[in-house]
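So my numbering is basically just the index in the sequence shown, starting at one, shifted up by 202.
The C-beta atom is built at its ideal place from N, Cα and C for all residues, glycine as well.
Beneath this line is the structure, given in structure tokens, with notes to follow.
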Amino acid sequence: MNKYIEYIRNLKETDLYRKIKYLESVQAPNVYFEGKKILLLASNSYLGLCENKEMKNAAIDAINAFGVGSGGSRLTTGSNILHKKLEDKLSELKKCERSLVFSTGYATNIGIIQALANKDTVVFCDRLNHASIFDGIKLSCAKLVLYKHLDLNDLTKKIKKYKVENSILITDGVFSMDGDIAPLKEIIEITKRNNILSIVDDAHGLGVLGKTGSGICEYFDVKPDLIMGTLSKAASSEGGYVCGDEELIEYLIHKARSFIYSTAPSPITTAVSICALDLIKGMNFERDELLNKSKFVREKLKEANINIIDGITPIIPIIIGEAKRAVEISNRLLDNNIFIPAIRPPTVKEGTSRLRLSLMATHSYEDLEFAIKKICEVINE
Ligand SMILES: *Cc1c(COP(=O)(O)O)cnc(C)c1O
């Protein structure tokens, strides 16, 4: 017991202690948070769908038609026609033969990697991939080969050195803590040439990137073997998914333990996800707004010599360095009614603690200008 108490004490001493904070209203640009009204610059609901009326009505209609819980796992009695409908819509949106829905994106990654890889598999993995990918690799007992973030030379070298018959490459499309994107055209070409199974995690791409909001693969016009993602970010619902060829999806149905041994997503979240996919296709205006606002904030911060990681996505990391300083700045901004969380180790590397700003299409330019001004003041004071 002592070692657990010690662990927490140590976190408190090194500014790595985390406290759960509670929102008191719908996730939107302006929210009630910890007892006061603040500007939220930290939502994954990029298109503002958490407060969308059609989404809310989809949930209410689903409750009236199908009740609340799913009542079983996907392979027993938990699957209902809403899951089928959602999977068909995903296949259409991602231009794949078949799709499979899991309870979360996390469960999807651990499930598909555990199913596809074993101790004889080598998994090539960008250093900054999402934690769920690393957990899936651990669970599979495969050999993990890391390559430098976005570095095609390093990837090619590592493939030459470590490739075996069963090799898999996994990369985030948009990197969740850095907001930059993988060069998928080149990566997919390399995997095809080397006969390596490719998986792209499109958690932050759906709804945001591509002409119809299909995500990073539409943006780059590429087709990896599997595209996985989550319905919890721009889609503002919950649930994970994977899309690919019929045979691979059939295999996952029989082998992915987080799919088999877990309760099916509820009819409520499933109906909300269906509604989100319908809406996302038509949200070109919001997508343009989101990307234009991201560009605006990035440019203003750069002009003010704030150290951001460059990119095009609505995830804008402001690199601070030490955890303590990042927390201080985040707290000072909260004093000014702005919430931008400090991201610290172990989520990011030591010495790269940061403020992680993320935008919604529904933020006003006025709010953004206010935030930029305060960020500059607080960082430079
Ligand atoms: C959020 C996220 C996940 C996990 O999805 P959940 O549905 O929240 O479990 C997986 N991969 C990436 C890159 C993510 O950002």
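Whole-angstrom C-beta distance between residue 488 and residue 249, which should lie under 8 Å: Sure, about 5 Å apart at Cβ, within 8 Å.
Span separating the alpha-carbon of residue 348 from that of residue 547: Going by the C-alpha atoms only, they are around 19 Å apart.
First through last residue of the beta strand (DSSP E) which encompasses residue 403: Element bounds for residue 403: 399–403.
Which residues DSSP lists as bridging residue 295, in chain order: DSSP lists no partner for residue 295.
Local conformation of residue 516 per DSSP, three classes: DSSP places residue 516 in coil when its eight states are reduced to three.
Supposed contact pair residue 274 and residue 466 - C-beta distance, whole angstroms, cut 8 Å: Your pair residue 466 and residue 274 checks out as a contact, with CB atoms roughly 6 Å apart and the cut at 8 Å.
Residues near residue 439 by beta carbon distance below 6 Å, same chain, minus five either side: Cβ neighbours of residue 439 within its own chain (closer than 6 Å, five residues either side excluded): 433, 471, 474, 475 and 478.
Contact check, residue 559 vs residue 251, beta carbons under 8 Å: No, these two residues do not count as a Cβ contact at 8 Å.
Inside the region 317–349 only - alpha helix (DSSP H) runs reaching at least 4 residues: Whole alpha helix (DSSP H) segments, 4+ residues: 333–342.
Minimum C-alpha distance to residue 319 - residue among 369, 351, 331 and 290: By alpha-carbon distance to residue 319, the top candidate from 369, 351, 331 and 290 is 369.
Lining residues of ligand 1 - beta-carbon closer than 6 Å to any non-hydrogen atom, in sequence order: Residue list for ligand 1: 306, 307, 308, 311, 332, 334, 374, 378, 403, 405, 406, 432, 434 and 442 (CB closer than 6 Å to any heavy atom, chain order).
Three-way DSSP call (helix, strand, coil) for residue 238 in this model: In this structure, residue 238 counts as strand in the three-state DSSP scheme.
DSSP state of residue 475 mapped onto helix, strand, coil: Assignment of residue 475 by DSSP, reduced to helix, strand and coil, places it in the helix class.
Cα-Cα separation, residue 512 to residue 375: The straight-line gap separating the alpha-carbon atoms of residue 512 and residue 375 is approximately 15 Å.
Complete runs of the beta strand (DSSP E) confined to the region 350–412 [at least 3 residues]: Taking only runs of at least 3 residues, the beta strand (DSSP E) segments lying wholly in the region 350–412 are 369–374 and 399–403.
Within the region 439–465, ranges of the beta strand (DSSP E) (whole runs, at least 3 residues): Complete beta strand (DSSP E) runs here, min 3: 442–446.
Euclidean distance between Cα positions of residue 276 and residue 521: Cα to Cα, the separation comes out at about 42 Å.
Within 8 Å, strictly: CB atoms of residue 326 and residue 357: Yes; because the gap between Cβ atoms is below 8 Å, this pair is in contact.
Spatial distance of residue 329 from residue 371 (CA atoms): Straight across, the Cα-Cα distance linking residue 329 with residue 371 is about 12 Å.
Coarse secondary structure for residue 303, derived from DSSP in three states: In the structure shown, residue 303 sits in a strand (DSSP, three-state: E or B).
Option in 578, 518, 212 and 292 with minimal Cα separation from residue 404: Relative to residue 404, the option among 578, 518, 212 and 292 whose CA is nearest is 292.
Distance between residue 239 and residue 351 (C-alpha atoms, nearest Å): One C-alpha to the other measures close to 38 Å.
CA-to-CA distance, residue 412 to residue 387, given in whole angstroms: Using only the alpha carbons, I get a separation of about 14 Å.
Straight-line Cα distance separating residue 454 from residue 460: Taking the straight line joining both Cα atoms gives about 10 Å.
Distance, residue 338 Cα to residue 503 Cα: Each residue's Cα considered, the two are about 36 Å apart.
Span of the alpha helix (DSSP H) around residue 257: Segment 255–268, the alpha helix (DSSP H) holding residue 257.
Separation of residue 377 from residue 225, as counted between CA atoms: Straight through space, the alpha carbons of residue 377 and residue 225 are spaced by roughly 25 Å.
Boundaries of the alpha helix (DSSP H) in which residue 496 is found, first to last residue: Taken as a continuous stretch (DSSP letters only), the alpha helix (DSSP H) holding residue 496 covers 486–505.
Residue 519 vs residue 269 beta-carbon contact at 8 Å: Contact flag unset, no.
Cα-Cα separation, residue 394 to residue 304: If you take the alpha carbons of residue 394 and residue 304, they lie about 27 Å apart.
Alpha-carbon to alpha-carbon, residue 220 and residue 209: Taking the straight line from one Cα to the other gives about 13 Å.
Residue 418 to residue 266 span [Cα, whole Å]: For the pair residue 418 and residue 266, the Cα-to-Cα distance works out to about 35 Å.
Bridge partner(s) assigned by DSSP for residue 559: According to DSSP, residue pairing for residue 559 in a beta bridge involves 518.
Per-residue burial, residue 298 [other beta carbons within 10 Å of its own, 16 or more giving buried]: It counts as buried.
Nearest-angstrom beta carbon gap, residue 515 and residue 496 [assumed within contact, 8 Å]: Yes, residue 496 and residue 515 are in contact; Cβ-Cβ is about 6 Å, under 8 Å.
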